[in-house]
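Let me begin by presenting the structure, written as structure tokens, before commenting on it.
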Amino acid sequence: MKKILIIASLALCCSLLASCEDFLDTKKYGAKTDWETQEDVEKALVALFSFNTNDAEGVTGRGITWFECCSDDMTVGRPQGEAEDIRNFRMSPSNGRDVKNNWKIMYEVNAKANNIIKVVPTMNLDNAFKTKATGTAYFFRGFAMLWLSPYYGDNGPNGGIPIILDTTEPAAMDSPRPASVLQNYDQIISDLREAGERLPLFSQLAPQEYGMPHKAAAWAFAARAALYAAQFDAKYYDTVIEMCDKVMGLTGADKRELFDDGTDKAFANLWRKQQNFGSEYIFSLLGSAVDGPKFHGMSFQNGGWGLYNHWGYFQPTLSLWNAFESGDTRRDATIIYPGQTIRFMGRDIVFGSSSYSISSDTGMSFRKFLSPWEEADCKGKEVNSNGDNASNTLGTCLIRFADVLLMKAEALIWKNGEGDAEAKQLLNRIRKRARLPENSPATKAELKNQRRCELAFEFMPSRHLDMVRWGDAKEAYAKPTQRVNSHWDYDLQQVVIDAPSNYDNGRTFDPVINQVFPIPVTAFNGTVNLTQNQGY
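Numbered per mature numbering (1 follows the signal peptide of the UniProt record, and there is no 0), the sequence shown spans residues -20 to -1, 1 to 516.
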């Protein structure tokens, strides 16, 4: 397979697999049996990445980040009524924001994976290839359901979301929802375990295969699924620890480490394309200056001062800025504050100066993923020439080693109590790279804040889901969201910070209703037994 051929040949490859118009397609998965060669199967594997293009903006552009606007880390960023409805927990099933596309597309990925799991073992191909191909399919089936389950399923009153496997008969596809989302998490963990058994180590991938799943990726996502399940049943903390230990126990060329170049810019330098396949990134969606995810182009200055068309969504809150301890180098690597300088399109821009006003509705912006836009010649080289399709060369990292350390630390603290000795060691590794004193108390409060500061604005580690599963959302969201205010002083020729003000007066989060979001209205086409989440 060409290096994430996914990027250029995707649209053609997608048609090679039966994809359902909706997730309850009554065609038996695996009925398509005209794959004859290894090349046919390779094209089917590439089709699993059908969401990784400029055209899939609702998935890998803004997508689930609309749900992240509900957290205390960010706002919508610019005027958008339906997005504000999501943020303020007034979302309807017919909400038009493109987050609605995720349900359909991830069930299509699920269906494509089922086809591969069903058909490939019957083909006359090399056994090693069949093992790897089916491992990839198990990975993506678990991955697709992990993408959806936390947002739409609960342990009551709504239950889980439909589980459709390669063994599911057509008559059983339109069945009542599982009684609990724990059934989804059990299936996800099972699929990712199976993937981990079948997939190669990262070191066993050929360079042209970089970007495909591997053992460490399967184990890390299994740990995430177990962590989300543990909010309902503490027994899953054992699975979190087990899966994290598998990743942490890798050695040699597969050993995972936090990236640290020894400078105070270590965290900032983590977010450069040179780290796409380094020791910290575990699984990423790859892009180029031609095609791929455009998430990194969603949040900076709206219009980019005419230099490049960033979109101005998803802006950081003052609460997030204040969450960083004094001296934490992650803060300035994550957020640009008025008066700070950023390299953008070959210019050293003073954010908020007379020539570079601020569009953000919080007075700040995220800078974490802007390295591809630093130089004047980046268009067509590092970033897409078309600002409406901001694909770029920095991988959209969905899970990394720091998250593994944090997941294990959380499991240890919640299982063994605050002050756990191993959790202290894990958190001190995180603190060391942030250039903070290695004096972690391993309390729940510190674990929560380290997750917040370390993973802020990353695509899949969800602050909102964290707040919901910790039971902190209602109290935190009721507090006013604050913005930074500033102005340019023409006499002093510098940015002056003014008093902060409220972006809102707080929001009402109902833990019974708002722990999940409404299932998109289009998901009900052709169904009888699928039920909407209560309160929507």
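Backbone N, C-alpha and C fix where the C-beta goes; we use that ideal spot for every residue, glycine too. Bear in mind that the values here come from a model prediction, so they are computed numbers and not experimental data.
Cα-Cα separation between residue i and residue j, rounded to whole angstroms
{"i": "I410", "j": "M192", "result": "27 Å"}
{"i": "K274", "j": "F120", "result": "21 Å"}
{"i": "N205", "j": "L126", "result": "Reading off the sequence shown, one finds Ala at residue 205, where the question assumed Asn. Each residue's alpha carbon lies about 7 Å from the other."}
{"i": "E19", "j": "L105", "result": "11 Å"}
{"i": "D52", "j": "F346", "result": "14 Å"}
{"i": "V464", "j": "L510", "result": "44 Å"}
{"i": "A117", "j": "I96", "result": "6 Å"}
{"i": "M278", "j": "Q462", "result": "21 Å"}
{"i": "residue 582", "j": "F437", "result": "Residue numbering for the chain in the displayed model covers -20 to 516; residue 582 lies beyond these limits and cannot be assessed."}
{"i": "R173", "j": "A401", "result": "28 Å"}
{"i": "P73", "j": "R327", "result": "44 Å"}
{"i": "G307", "j": "I499", "result": "43 Å"}
{"i": "N302", "j": "N429", "result": "11 Å"}
{"i": "N135", "j": "D213", "result": "10 Å"}
{"i": "E434", "j": "R310", "result": "7 Å"}
{"i": "I169", "j": "Q255", "result": "28 Å"}
{"i": "T502", "j": "G76", "result": "11 Å"}
{"i": "E37", "j": "S442", "result": "19 Å"}
{"i": "P138", "j": "N68", "result": "Looking at the sequence shown, residue 138 is not Pro but Asn. Each residue's alpha carbon lies about 21 Å from the other."}
{"i": "W199", "j": "N282", "result": "38 Å"}
{"i": "Y9", "j": "N94", "result": "Residue placement at Y9 is poorly supported in this model, since its pLDDT is 36, which falls under 50; the coordinates still yield a value, given next. Spanning the two alpha carbons is a distance of roughly 6 Å."}
{"i": "L(-11)", "j": "N364", "result": "Per-residue confidence for L(-11) stands at a pLDDT of 39, beneath the threshold of 50, marking its modelled position as unreliable; the derived number appears in the next sentence. So the alpha carbons of these two residues sit roughly 17 Å apart."}
{"i": "A91", "j": "I144", "result": "8 Å"}
{"i": "I221", "j": "A391", "result": "7 Å"}
{"i": "L179", "j": "L207", "result": "22 Å"}
{"i": "F381", "j": "Y483", "result": "34 Å"}
{"i": "M103", "j": "G115", "result": "15 Å"}
{"i": "L(-9)", "j": "L300", "result": "Any reading at L(-9) needs caution, since the residue's pLDDT is 33, under 50, leaving its predicted position unreliable; the model's value is listed next. If I take the Cα positions, the gap works out to 42 Å."}
{"i": "F489", "j": "A210", "result": "22 Å"}
{"i": "G451", "j": "W394", "result": "14 Å"}
{"i": "N396", "j": "R449", "result": "18 Å"}
{"i": "A356", "j": "D478", "result": "32 Å"}
{"i": "F263", "j": "S129", "result": "19 Å"}
Residue i versus the options, residue with shortest Cα-Cα distance
{"i": "M387", "options": "G367, T116 and K424", "result": "K424"}
{"i": "D166", "options": "F381, T488 and Y216", "result": "Y216"}
{"i": "E305", "options": "G343, V227, E418 and N482", "result": "E418"}
{"i": "G272", "options": "G515, N32 and L25", "result": "N32"}
{"i": "M344", "options": "G57, E48 and T17", "result": "G57"}
{"i": "G486", "options": "T55, A93 and D171", "result": "T55"}
{"i": "M447", "options": "I379, E22, Y131 and N408", "result": "Y131"}
{"i": "T507", "options": "P156, R67, G136 and D78", "result": "P156"}
{"i": "H194", "options": "A175, L207, A202 and Q188", "result": "A175"}
{"i": "P421", "options": "R431, R415 and A403", "result": "A403"}
{"i": "G367", "options": "N138, S333 and Y288", "result": "Y288"}
{"i": "K412", "options": "K253, T342, L28 and G242", "result": "G242"}
{"i": "S466", "options": "Y261, L179, Y317 and L128", "result": "Y317"}
{"i": "residue 518", "options": "T111, E48 and A203", "result": "Only positions -20 to 516 of the chain appear in this structure, which leaves residue 518 out of reach."}
{"i": "K23", "options": "L374, F349, D490 and V100", "result": "V100"}
{"i": "L265", "options": "D490, F247 and G375", "result": "G375"}
{"i": "C50", "options": "P59, D65 and I329", "result": "D65"}
{"i": "F324", "options": "T314, L128, L445 and E354", "result": "E354"}
{"i": "A246", "options": "A313, T373, C377 and G515", "result": "A313"}
{"i": "M71", "options": "I493, F504 and T147", "result": "I493"}
{"i": "L25", "options": "T111, D244 and A414", "result": "T111"}
{"i": "S371", "options": "D383, L416, H290 and T321", "result": "H290"}
{"i": "P59", "options": "S351, Q295 and F439", "result": "Q295"}
{"i": "E455", "options": "G399, P491 and S259", "result": "P491"}
Within-7 Å CB hit, residue i to chain C
{"i": "S335", "result": "Although the question refers to chain C, the structure presented lacks it and comprises just one protein chain."}
Beta-bridge pairing of residue i - partner residues as DSSP gives them
{"i": "K359", "result": "V363"}
{"i": "Y336", "result": "S333"}
{"i": "Q295", "result": "T55"}
{"i": "N372", "result": "V363"}
{"i": "T321", "result": "V330"}
{"i": "Y190", "result": "M192"}
{"i": "V476", "result": "H467"}
{"i": "N482", "result": "Q462"}
{"i": "F346", "result": "I315"}
Report task. Would you mind listing the beta strand (DSSP E) stretches within the segment 45 to 94 that are 3+ residues and don't spill past its ends, in chain order? Result -> Runs found: none.
Requested in this report: Could you tell me whether the segment 72 to 89 touches the segment 37 to 51, using the rule of 3 or more Cβ pairs below 8 Å?
Outcome: In short, these stretches touch, since the Cβ pair count reaches three.
Query raised in the report: Does the count of Cβ pairs from the segment 333 to 340 and the segment 235 to 245 closer than 8 Å reach three?
Result: Segments in contact, no.
Requested in this report: Any chance you could list the beta strand (DSSP E) runs of at least 3 consecutive residues sitting entirely within the segment 218 to 269, in chain order?
Outcome: Correct list: 261 to 265.
Requested in this report: Starting from the N-terminal side, write out each stretch of the alpha helix (DSSP H) that is 4 residues or longer and does not extend beyond the segment 378 to 434.
Outcome: Listed in chain order, the complete alpha helix (DSSP H) runs (minimum 4 residues) inside the segment 378 to 434 are 381 to 396 and 401 to 413.
Query raised in the report: What are the start and end residues of each continuous alpha helix (DSSP H) run of 4 or more residues lying completely inside the segment 141 to 168, in chain order?
Result: Runs found: 150 to 153.
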